[in-house]
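Chains as they are written, first to last, in our numbering: chain A, 805 to 1110; chain B, 805 to 1110. See below for the structure under consideration.
Printed below as a string of structure tokens:
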């Protein structure tokens, strides 16, 4: 694609994910305008050759593609339809790519509101973490109209190693993401429960890690998060509050669908207890610390009881 | 090892695991005597060159190694110390290898009862399924004295692809196995909950399988069991009742240790409900069918509601 054909891209939300995605787009030759409530994030993007905007409306002006990388549904709605929102300036036939994890019904509602005005909505939750965002190697779970995909594709190709095209209507991407979050959240709690259970029996936790990661009890989350627990490292990569939010969405969806989800529900309680006891902004592996504290065992790096 | 040096082996319990293990031992040149309450299993072993015994005592006579592959702690105790049990005839310095999944305290009790009589006890739970048992490629989680390991090693080498030596006292092998069973049981229920949740939203379940197995929500159990759910195949490889037993042991251990295990506890309830609704002898993936039935969705192979 020549420079002339390459649409301008606005990235709204320059946190650890959004900044990495903006950088990946720049590396592939896109002109990127960034917008964030934190001025230093915008300045950092400008220093590496991007443009800065003060509002979503300003960022979206002249852009063919807007990538929204904010925390949740409410923030997405605000940057799209709030004062100085994207919808005020976005050109006809441009596409809005929404990355936040949200209830599929809410994704459908936003799309129903945007699309009659001639702009396209791509429901495109992401997974993969900050490092893969910076490398342009995210997994994107996308759904939307053929037109939305066509407009968004150059940016998607720059940001994703794996793009799932999950259907022709917004909401499907969000639904697949929620299924993944249900499992990911339950598996973090299960890993924490098992690790503390092992510690309670006095087992060598490094051996537990070796045995489990080679056995039928393994999960992606056990392998990833329990490595941090062995090091006593709870610096936030992804915070406890993220799963308070995501399993909360699962619970709301399940309740309204009359779907009994006992594991997701029990896992949510443990994330709530971790947040309630002061670890909400720490890494989600902190659920293991919670189990340690309520069972009287000291995991690595945690203070021993007298 | 020459034929003369190779100890005779008795295998007590010729179910799908035990028969495979006996066959692996024969293939490596061991003389194997089998014993089972099912006469046809013994006859099958005799047809492929083994010997048959009517009681554990008879099987253990002259054996240097006894491999016990029964269902649970109670059966293990009976074949060891019950009437016509192994302990009546087992030679001094021979080793008893116990494979059943059980409470570590119970494994320690059996060892404490056997070892003062001059025989060795190896706590050696297995994992890997019938096919890997038949190929001599099990994973064995073993603990016991150096003498017990030395005596057992030729048989362990014939039966296992991977042997974990987890410590010098019986009970440790059992404890590691219980940590694995906690995770495996929770993951089967989590996979079932997520798959039915996806079905309830009308998602394409094959796409769900593809997305999840490539994402952070994956687990060994999701990948393995949900393949069967996609086929509507609930023929038992490992039955619901196995996890009713194993998560029951976890619950008993946790309760006596004052260890709160909300996920293991919720998962046990779902295995109990699956068994209670008539699926106890079906494959443990049947938990997915249970979720389908209580949420009004028809998984593949299940009858659609009118």
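Every residue, glycine too, gets a C-beta built ideally from N, C-alpha and C.
Within chain B, the C-beta atoms nearer than 8 Å to that of residue 1011 of chain A come from 968, 970 and 980, in chain order. Not flagged as an interface residue toward chain B: residue 1045 of chain A, since no C-beta distance is shorter than 8 Å. In the structure shown, the three-state DSSP call for residue 931 of chain B is strand. The beta carbon of residue 934 of chain A sits no closer than 8 Å to any beta carbon of chain B.
Neighbours of residue 998 of chain A in chain B, taken as residues whose beta carbon is under 7 Å from its own, are 983, 986 and 987 in chain order.
Less than 8 Å separates the beta-carbon of residue 943 of chain B from that of residue 930 of chain B. Sixteen is the threshold: since fewer than 16 other Cβ atoms of the shown chains lie within 10 Å of the Cβ of residue 844 of chain B, the residue is exposed. In terms of beta-carbon proximity, residue 1018 of chain B lines the interface with chain A, with at least one pair separated by less than 8 Å.
In the structure shown, residue 828 of chain B falls within a helical segment according to DSSP collapsed to helix, strand and coil.
Within a 10 Å sphere around the beta-carbon of residue 836 of chain A sit 16 or more other beta-carbons, which makes this residue buried. In its chain, beyond the 5 residues on either side, 815 and 873 have a beta carbon closer than 7 Å to the beta carbon of residue 822 of chain A. Counting of Cβ neighbours within 10 angstroms places residue 1097 of chain B among the buried residues, the total reaching 16 or more.
Rounded to whole angstroms, residue 842 of chain B and residue 999 of chain A show a C-alpha spacing of 39 Å.
Contact annotation for residue 1066 of chain B against chain A: 993, 997, 1070, 1071, 1073 and 1074 [CB-CB distance below 9 Å, chain order]. With a cutoff of 8 Å on beta-carbon distance, residue 1090 of chain B and residue 1013 of chain B are scored as not near each other. The secondary-structure analysis by DSSP pairs residue 836 of chain B across a beta bridge with B:813. With distances taken between CA atoms, residue 832 of chain A lies nearest to A:811 out of A:811, A:819 and A:850. For residue 926 of chain A and residue 954 of chain A, the gap between their C-alpha atoms comes out near 10 Å.
The C-beta of residue 1015 of chain B comes closer than 8 Å to at least one C-beta of chain A. For the pair residue 1072 of chain B and residue 855 of chain A, the Cα-to-Cα distance works out to about 55 Å. Less than 8 Å separates the beta-carbon of residue 903 of chain B from that of residue 928 of chain B. Residues of the same chain with a CB within less than 6 Å of the CB of residue 884 of chain A, apart from the 5 flanking positions on each side, are 890 and 891 in chain order. Under the DSSP assignment, residue 1015 of chain A falls in the alpha helix (DSSP H) whose first and last residues are 1009-1017. For residue 1069 of chain B, the secondary structure class from DSSP, reduced to helix, strand or coil, is helix.
Counting the other Cβ atoms within 10 Å of the Cβ of residue 990 of chain A gives 16 or more, which makes it buried. Legend: CB atoms of the stretch 1072-1100 of chain A lying less than 9 Å from CB atoms of chain B belong to residues 1073, 1074, 1095, 1098, 1099 and 1100. Sequence-distant Cβ neighbours of residue 934 of chain A in its own chain, meaning closer than 8 Å and more than five residues away, are 820, 821, 824 and 1041.
By the criterion of a C-beta distance shorter than 6 Å, residue 941 of chain A is surrounded in its chain by 965, once the five residues flanking it on both sides are discounted. Against residue 943 of chain A, the close residues of chain B are 1018 and 1019, in the order they occur along the chain (beta-carbon pairs closer than 8 Å). Contact annotation for residue 938 of chain B against chain A: no contact, minimum CB-CB distance about 17 Å [criterion: below 9 Å]. The beta carbon of residue 1031 of chain A is closer than 8 Å to those of 1013 in its chain, skipping five residues each way along the sequence. Proximity to residue 1068 of chain B across B:1050, B:1028 and B:852 peaks at B:1050, based on C-alpha coordinates. Taking C-alpha positions only, residue 826 of chain A is separated from residue 938 of chain B by approximately 54 Å.
Residues 1104 and 1105 of the same chain have their beta carbon placed closer than 8 Å to that of residue 1035 of chain B, with the five preceding and five following residues left out of the count. Residue 901 of chain A has A:871 and A:926 as its beta-bridge partners, per DSSP. For residue 964 of chain A, the enclosing beta strand (DSSP E) has its first and last residue at 964-969.
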